[in-house]
Each structure stands twice: as structure tokens, then as C-alpha cells.
Amino acid sequence: MLIVIFSVMLYHYIKITIFENIVQSLTIEANNILDSKEPLQMGELEFYYPQSQNLTVVGVEENTDNLSRPKFIQSEDENSTYLTLYYPYKDNMVLALKKNTTEYSSVVNQVLVDILIINATAIFLILFYALFLSRMLLLPIKMLSLRLGQLNERFLQEVSIDELPDEFKPLGDGINRLISRILTFVQYQKELFVGAAHELKTPLAVMKTKNEVTLIKQREPEKYIEALKNNNVSIDQMNKMIGSILEIGRQEGAQFEQPSNVDIIAYLNEIGNNFLILAKGEGKNIKMSLKPQTLKMFLQPTLFLHVIQNFVQNAIKFSPPNATVEIKANLLNNEFVVKVVDEGSGIDENKDLFAPFKRYGDKGGAGLGLFLAKGAAQALGGHIEIRNRKDRSGAIATFILPIKTKNRKIQKNISNSKFLK
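Going by the working numbering, the sequence shown opens with residue 123, and the numbers climb by one from there.
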């Protein structure tokens, strides 16, 4: 389209330039005739022909159209073209100068033909180059598509990017990162299924063994009652396990929750106040130290709740009576840091606390809480860590969440509005 527009503009420019020269030459000729001392009579001016060999006809006509300014008219005669100038002057007459422009028209037509040929050639070359370039660009994509098509859940392998052009290596790196994440997820699913099967199979085997031993011989009713109570305890443990597994599904669903603008400080206050009732019921207390006073963040609230809820529940569970659980929050180097400090016995920092179905300490549980908290933190773009306090009188669970660009803009707008007030 641009080529066509440029060609049309070029053609009209050349045509106007050529005929502008003819118009100027006719105007000069007319002025020369009028400036001469020869008398002008109606009819052709034969005296002027020897001086103006480039003119076809020079004559004087009656100004029937009442022209007040020079007028140019194009005409054709068989295979010739002409341009006639009607130049008005005194006594209601016009000087008519007619010039043969066939040669100039031929030049203009030849220019048009040349432009059309050049355009056709240029369009053909562009189409050929575009086809060649598209094939060249599609070749690496087809190669990647073929390799990706050979992958399945049983055979996942990173694609080789050595043979790819430099322009496609970032795409190959991105695909490999995606494959790596899929491999991690598949491995995580396998570990989860194996762990869940093991955790559910063990209490079932214990229940079956106890039942078989109880039924070997006739026993007192109290023995049967005791066996049933033990079975109920095991069933309760399995129910907790199943609840934790269902929580994993809910957490994965929460990752697709639409992010929203949340005042994270107010949200933390709400979470802390909700757990304060639970802590008071166990003879413990919750203290909150949150900075700044307000902070808007764009995130999924449910995932954030998973992390903080697990931290506070563990802190209450492992802290002794009359202990205080402290929830701290502050901004540090474009990161929002939340810490939950307890007064328990601390942790073994050499163990993987975030592995699924791993339980430490003397408290019961499914062993999935920290595993879920880690997944929720990663889904939010942050990470969690647990360390012992320096005085060895408890542990500190830390959640570090980067302040993304959108969050920084929201906070800046809040600060500006406060300043204006």
C-alpha cells in the first residue's frame, strides 16, 4: 500500500513538473508577442512562426468567454496531444498559442509504465523475500513444535537450544523453564500421592491388626470398647490427613483466584484478632507490631491467608502456656516482611521442615501445613523460612513478599493522597 501511494505521488509530481515547464514557456511566448511592436490582427500570426518553431499555431481570436486571466486547455488530435493558452488582452481579444505536447505526453506515459514495472518487480521481490523469511523463521518453530510434540507426562526432557538461531534462544530458554517447572510439579505430585498412600495405609494396617488380635478369642466387653475407641482415634487421624489433602486442592484452586487490591496491614490485623480468641482459650496471647499503618497490595488474599494462618497456628501449638506469639510486619528494600515469633522449644534447622508428611515435635498433625504454606508463598512470588531465635527460646517464621511494580504504584498513590489532605 505504501509503495502504491508513493508511486502515485511520484507520478503526479513528475507529470506536473513537466507540464508546468510547458505552461511557463507558453506564458513567456505570449508575453514576448504582446511586447513586440507588430500589430495584432484577427487570425494567425504568420510573422511569429520563424521565431517560434516550437509552436504549432499562433493566432488572435475574439474573447467570447470574457476571459480575464490566462486559460490553458488540453486537447487531442488523432495520435497527438496539444496544450492551448488563451491569453486575454485589450479590445476584447485573446492571444491563442497552441503547442504540440505529444513528446512530453509520451515521456509522462513512459514514466508511468516504468513506475508500474518497478512496482511490480518490487512487490514480487518483497513477496518472495517475505515467503523466504517466513519459511526461515518457521523452521525453528516447527523444530521446537516437533520436539514438544514428542513429550508426554512420562517423558519430559528439556529441548536443546544449541541449534536454534540467536533470536529464538530466549524462546527455547522459556520453554525449558516451563518444562523444568512441570517436572518439579510432576515429582511433587508423585511424592504427594506416595506420601498420602503411606500415611493412610499405616493407620489402616494398625486398625486391622488390632481388630484381628481382638477377635482371636472371646474377651471382656471392655476390651472391645477399648479397641473401638482406638479405631476412632485412628479414624480421626485419617480424617485430619484427608482434610489436609483436600486443603492442597483448595490451595491450588486459590492460585487462580483473581488478585485484588488489599490493605495488607488491615488484613493482618483481622487475621491476628481472629486467632487471639483461639490463643486466649489455650492460655496464650498474641501481640501485633505492624508497619506501616496502611499498605495496599495487589495479590490473592486466600493464598496470603494460607501462609499467615499456618505460621500463627504452629506458633500457638508449640508455645507453652502463658506465652506470647508476636506478629511483626515491616517494609524492607522493596519487600514486605512478615514475621511470627513464638516462645516454643525451637526447631532442628538441619531438617527439611517443608517436606510433605514430615512431623516434628511432640504435637500431632498431618505434616502438610508448612508444605502448603511454602506452595502458597511461591504462588504469590515470595518465599518463607524458619529460623531459631538468637536466644534459643523459640522460632521465627518469616514470609518475604516482593513489592511488585503495581503494588508500588498503588502505595505511591496512597501516599500522595495523604499528602494532599
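Think of the CB as a built atom: it goes at the ideal place given N, C-alpha and C, for glycine as much as any other residue.
Extent of the continuous beta strand (DSSP E) run through residue i
i: Asn383; result: Ser382 to Asp385
i: Ser197; result: Lys193 to Asp199
Per DSSP, cross-strand counterpart(s) of residue i
i: Ile518; result: Val463 and Arg509
i: Ala451; result: Leu412 and Val460
i: Glu184; result: Met215
i: Lys221; result: Leu205
i: Pro210; result: Val216
i: Lys351; result: According to DSSP, Lys351 bridges with nothing at all.
i: Glu419; result: In the sequence as displayed, the identity of residue 419 is Met instead of Glu. In the DSSP output, where bridge partners are listed per residue, Met419 has Val384.
i: Pro524; result: Glu457
i: Asn407; result: Thr446
Cβ-based burial, residue i [other Cβ within 10 Å; buried from 16]
i: Tyr135; result: exposed
i: Leu260; result: exposed
i: Asp464; result: buried
i: Ala327; result: exposed
i: Pro172; result: Confidence in Pro172 is poor, its pLDDT being 43 and thus under 50, which makes the residue's placement unreliable; the coordinate value appears in the next sentence. Exposed is the call here.
i: Glu151; result: buried
i: Ala437; result: buried
i: Val126; result: exposed
i: Met131; result: exposed
i: Tyr346; result: exposed
i: Val429; result: buried
i: Gln422; result: buried
i: Ser190; result: exposed
i: Ala401; result: buried
i: Ile386; result: buried
i: Lys473; result: exposed
i: Val235; result: exposed
i: Ala451; result: buried
Terminal residues of the alpha helix (DSSP H) in which residue i lies
i: Ile127; result: Leu124 to Asp157
i: Pro262; result: Thr224 to Gly271
i: Leu427; result: Pro423 to Phe440
i: Gly504; result: First-last for Gly504: undefined, no H or E at that position.
Alpha helix (DSSP H) runs wholly inside the segment 273 to 306, at least 4 long, in chain order
Here no run is fully enclosed.
Could you say if the segment 217 to 230 and the segment 138 to 154 meet the contact criterion of at least three C-beta pairs nearer than 8 Å?
Yes, they touch.
Report yes or no: do the segment 404 to 421 and the segment 491 to 498 share at least 3 C-beta pairs separated by less than 8 Å?
Contact between the segment 404 to 421 and the segment 491 to 498 is absent, because fewer than three Cβ pairs lie under 8 Å.
Is it a yes or a no for the segment 262 to 272 touching the segment 228 to 248, going by three-plus beta-carbon pairs under 8 Å?
No, because fewer than three Cβ pairs between the segment 262 to 272 and the segment 228 to 248 fall closer than 8 Å, the two stretches do not touch.
Specify whether the segment 294 to 306 and the segment 267 to 285 touch according to this definition: at least 3 beta carbon pairs, one from each stretch, less than 8 Å apart.
Taking a cut-off of 8 Å for Cβ pairs, the segment 294 to 306 and the segment 267 to 285 touch, as three or more such pairs fall below it.
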